[in-house]
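The first sequence lines up with residues 1 to 499 when you count with the working numbering.
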Amino acid sequence: MRSFVEIQALKDLVGQEVWLRGWVRAIRSSGKIRFVELRDGTGSCQCIVEAGEPEAFAALEGCGQESSVCLGGVVREEPRSPGGVELAVSAAEVVQAGEEFPIARKEHGIEFLMQHRHLWLRSPRQTAILKIRHRIIQAARDFFDQQGFTLIDTPIFQPGAAEGAGTLFEVDYFGNPAFLAQTGQLYLETAAMALGKVYCFGPTFRAEKSKTRRHLTEFWMIEPEVAFYELKDLEGLSEAFICHLVQAVLTHNRAELEALGRDCAALEAVGMPFPRMTYSEAVGMLHDPELHGKLEAELAAEQERYAKLQKRIEEMDAELAGLMKAWKREKLTKEQQALREEAGDLERWLRNQPGHIEDAKRFRWGDDFGGDEETILSRQFDRPLIITEYPREVKAFYMKRNDADPRTVLNLDVLAPEGYGEIIGGSQREDSLEALQARMAEEGMDPAPYEWYLDLRRFGSVPHGGFGLGIERTVSWICGLKHIRETIPFPRMMGRMAP
RNA sequence: UCCAGCGUGGCUCAAUGGUAGAGCGGGUGACUGUUAAUCACUAGGUUGCAGGUUCGAGUCCUGCCGCUGGAGCCA
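Structure representation (structure tokens):
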């Protein structure tokens, strides 16, 4: 009887005879010894097959990358093994000898990787991201569960186009138009009136034709909604929530963060309280000469960094000229390409930033923040930034008017640090029937399809509010990724549906 | 949708308008401590598609298709 164990448990099983099962990440042969790097989803382990075990040795003949195998043997400590332990194989069984695996252990272009997303998921980097994504989702559920929230599943097929029909995916629903959910919020409000504290978690769909590193057409959003909550309560909830997510990842996924090369110190800085400012204060900050001075200084520093990068790239050219080993030359070439990419990004930034600074100086109260304003503001802090009370014209009809400044609404956006942008958007909701009806009329909306929503303001209306957190943008920030497409197993983007 | 760039063996990339090449991966052989092993040999191509210019096009021109990056919009 075989007792299969997981690779992650091996360091506690030294000296014991066990079986492992998994996939061959790499196999090297030196004639009378084979090195099998086996992965099983919990980790990877070097397995040694010596010619002294002829049956096992022969069994692995012709067994290539990503073949599925079962290996039995004794676990032993071994400093020469990457994991510190290795399996001395005495029995081997090939479950299936795989065909030539398309993704070699070297650099590939993004198009090729995306076309092979189903196989790319097996790489160490992708499994690390998937594990962190899992942790963030689990921590989010735990957070709301611990605080007495009830999970409410809101519909994905929704009637009518609420805001901006162009941003919704239309589908045929038995001959009538229906739309894929853009948010569960309106339905969630009804549940908050039933249960007090509720949240929904599901996919949401945006038909915006956005081709950027921050956009997906299908992404996951977790949205709490709470009765008797006002804007201040939402601010507190959002910061506690984000801190909980970051802490969960720092506690359980150090290895994955390190595998991704993430700067953990930047995450450790994320603690309460988060900096807060109103939209009007943020506009004031954009106009502040002190900020302009800081931005100019930053610009100069980045210019210097750019010059250093260019110098290093040139030095590498010289090194390349002197290198004979082909594979070493290729390795250096790859490093150089990475630097070139970084230099290219930086060059673009340097080219655009002066314009952004000018935009900031000229920013007019009443405009919505663009990506560059958000980036300038959030980069002034080492933790997420909460901005509240935006002009009502740029925000949705259901947001509650701010009595202290009627030009604005009681909303909040939370911007992740390091330029990752908005990860939370939310608001206190308009709870006055008359005010909501007036706002809808102002927007030219037909109230008929919203009567059920207006009913919430007729039968025991209370102050309430909530927000939505985009899972993928959060994963992207916490993992320190350059593109959101790696944060979800099968990204759906403008112009990409496969696989 | 707009702007820019790129499409060459399985992959990553070379090739003044003049004989399509290298590395990796695959195959064969050698090697008992490899870490992207090393060494030798070997197979592998309608240069995205359709036209055009030219004695001659991977290279130049036009159109199309695909991809990538950026902008707007947003989580």
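Every residue gets a Cβ at the ideal spot worked out from N, C-alpha and C, and that includes glycine.
Closest to residue 544 by C-alpha separation, out of 427, 479, 21, would be which residue?
What the structure shows of the chain is the stretch from 1 to 499, and residue 544 is not part of that stretch, so it cannot be assessed.
Inter-stretch contact at 8 Å, needing at least 3 Cβ pairs: the segment 209 to 217 / the segment 89 to 109 = Three or more Cβ pairs closer than 8 Å define a contact, and the segment 209 to 217 falls short of that threshold against the segment 89 to 109.
Review point. Using a Cβ-Cβ cut-off of 8 Å (strictly less than) and excluding sequence neighbours within five positions of residue 500, which residues of its own chain qualify?
Key: With the chain represented from 1 up to 499, any question about residue 500 goes unanswered, as that position is not in the structure.
Considering only residues of the same chain and omitting the five flanking positions on each side of residue 132, which have a CB-CB separation below 7 Å?
-> Counting from 1 along the first sequence, the entry for residue 132 is found at position 132. Only 249, 253, 256, 475, 478, 479 meet the Cβ criterion.
**Request:** Go ahead and label residue 362 buried or exposed: buried means 16 or more other beta carbons lie within 10 angstroms of its beta carbon, across all protein chains shown.
**Result:** Numbered from its first residue, the first sequence carries residue 362 at position 362. With fewer than 16 other Cβ atoms from the protein chains shown falling within 10 Å of its own Cβ, residue 362 counts as exposed.
- Do the segment 259 to 277 and the segment 483 to 497 make contact, defined as three or more Cβ pairs closer than 8 Å? no
Report the partner residues of residue 402 according to the DSSP bridge assignment. As a working note, residue 402 is residue 402 in the first sequence. Paired residues: none, contrary to the question.
Under 8 Å between C-beta atoms of residue 442 and residue 410: Residue mapping note: residue 442 aligns to position 442 of the first sequence, counting from 1. Residue mapping note: residue 410 aligns to position 410 of the first sequence, counting from 1. In this structure, residue 410 does not lie closer than 8 Å to residue 442 by Cβ.
- Might you give, ordered along the chain, the residues of its own chain that have their beta carbon closer than 8 Å to the beta carbon of residue 436, omitting 5 neighbours on each side? The residue labelled residue 436 in the question sits at position 436 within the first sequence. 397, 398, 430, 454, 457.
### Query
What's the C-alpha gap between residue 275 and residue 134?
Here residue 275 refers to the residue found at position 275 when the first sequence is read from its first residue. Here residue 134 refers to the residue found at position 134 when the first sequence is read from its first residue. Going from the Cα of residue 275 to the Cα of residue 134 covers about 28 Å.
Legend entry - the segment 237 to 249 contacting the segment 277 to 296, beta-carbon criterion three pairs below 8 Å: no
Who are the near neighbours of residue 148 in its chain, counting only those whose CB is closer than 7 Å to its CB and skipping five residues on each side?
Residue numbering aside, residue 148 sits at position 148 when the first sequence is read from its first letter. Taken in chain order, the residues that qualify are 197.
Expressed to the nearest angstrom, what Euclidean distance is found between the alpha-carbon atoms of residue 117 and residue 289? Reading the first sequence from its first residue, position 117 is the one you call residue 117. Reading the first sequence from its first residue, position 289 is the one you call residue 289. When rounded, the distance between both Cα atoms is 47 Å.
Point to revise | Among 493, 234, 16, the one whose alpha carbon lies nearest that of residue 468 | key: As a working note, residue 468 is residue 468 in the first sequence. Cα-wise, what sits closest to residue 468 is 234.
Can you give me the start and stop residues for the beta strand (DSSP E) that residue 427 sits inside?
For the purposes of this step, residue 427 is taken as the residue at position 427 of the first sequence. Unbroken beta strand (DSSP E) run through residue 427: 421 to 428.
Whole-angstrom C-beta distance between residue 71 and residue 95, which should lie under 8 Å
Taking the first residue of the first sequence as position 1, residue 95 is located at position 95. Taking the first residue of the first sequence as position 1, residue 71 is located at position 71. In fact, because the Cβ distance is near 11 Å, the residues do not count as touching under 8 Å.
task = Can you give me the start and stop residues for the alpha helix (DSSP H) that residue 120 sits inside?
result = Working through the first sequence from its first residue, we reach residue 120 at position 120. Segment 117 to 120, the alpha helix (DSSP H) holding residue 120.
* residue 176, buried or exposed, once every other Cβ within 10 Å from all chains shown has been counted against 16 -> As a first step, residue 176 is located in the first sequence; it is residue number 176 there, counting from the start. If you draw a 10 Å sphere on the C-beta of residue 176, you find fewer than 16 other C-beta atoms in it, and that means exposed.
Going along the chain, which residues of its own chain have a beta-carbon closer than 8 Å to the beta-carbon of residue 461, five neighbours each way excluded? Locating residue 461 in the first sequence gives position 461, where the first residue counts as 1. 431, 432, 433.
Pick from 144, 60, 55, 10: whose alpha carbon is nearest that of residue 26? On the first sequence, residue 26 is found 26 positions in, with the first residue counted as 1. The shortest C-alpha separation from residue 26 is found at 60.
What residue does the alpha helix (DSSP H) around residue 183 start on, and which one ends it? Counting from 1 along the first sequence, the entry for residue 183 is found at position 183. Element bounds for residue 183: n/a, residue is neither H nor E.
- Classification of residue 221 by the beta-carbon crowding that lies within 10 angstroms, buried from 16 upward: To locate residue 221, count along the first sequence from 1; it is residue 221. Its Cβ being crowded by 16 or more others within 10 Å, residue 221 is buried.
(message) Threshold first: 3 residues or longer. Then list the beta strand (DSSP E) segments lying entirely within the segment 189 to 259, N to C.
(response) 197 to 205, 218 to 227
Coarse secondary structure for residue 26, derived from DSSP in three states:
Position 26 of the first sequence, counted from the start, is the residue given in the question as residue 26. Reduced to three states, the DSSP call for residue 26 is strand.
Going by other Cβ atoms of all chains shown within 10 Å of its Cβ, with 16 needed for buried, is residue 184 buried or exposed? In the first sequence, the residue the question calls residue 184 occupies position 184. That one is buried.
Cβ-Cβ distance between residue 136 and residue 423 below 8 Å
Walking along the first sequence from the start, residue 136 turns up at place 136. Walking along the first sequence from the start, residue 423 turns up at place 423. No, Cβ-Cβ distance for residue 136 and residue 423 is not below 8 Å.
Buried or exposed for residue 23, please, with buried defined as at least 16 other CB atoms from any protein chain shown within 10 angstroms of its CB.
-> For the purposes of this step, residue 23 is taken as residue 23 along the first sequence, with counting starting at 1. Result: buried.
| Quick one: what does DSSP say residue 324 is sitting in, helix, strand or coil? | Position 324 of the first sequence, counted from the start, is the residue given in the question as residue 324. With a pLDDT of 49 at residue 324, under the threshold of 50, the modelled position of this residue cannot be trusted; read the value that follows with caution. DSSP places residue 324 in coil when its eight states are reduced to three.
| Counterpart residues of residue 92 in DSSP-defined beta bridges | Locating residue 92 in the first sequence gives position 92, where the first residue counts as 1. Note: residue 92 sits in a beta bridge opposite 71.
Thinking just about the alpha-carbon of each residue, which of 367, 261, 379, 273 is nearest to the one in residue 292?
-> As a first step, residue 292 is located in the first sequence; it is residue number 292 there, counting from the start. Cα-wise, what sits closest to residue 292 is 379.
(message) Here's a check: name, in chain order, each residue in its chain whose Cβ is nearer than 8 Å to the Cβ of residue 258, leaving out the five neighbours to either side.
(response) Sequence index remark: in the first sequence, residue 258 carries index 258 (1-based). Contacts found: 264.
Taking the C-alpha atoms as reference points, what is the distance between residue 120 and residue 114?
Within the first sequence, numbered from 1, the residue matching residue 120 stands at position 120. Within the first sequence, numbered from 1, the residue matching residue 114 stands at position 114. Those two C-alpha atoms are separated by around 8 Å.
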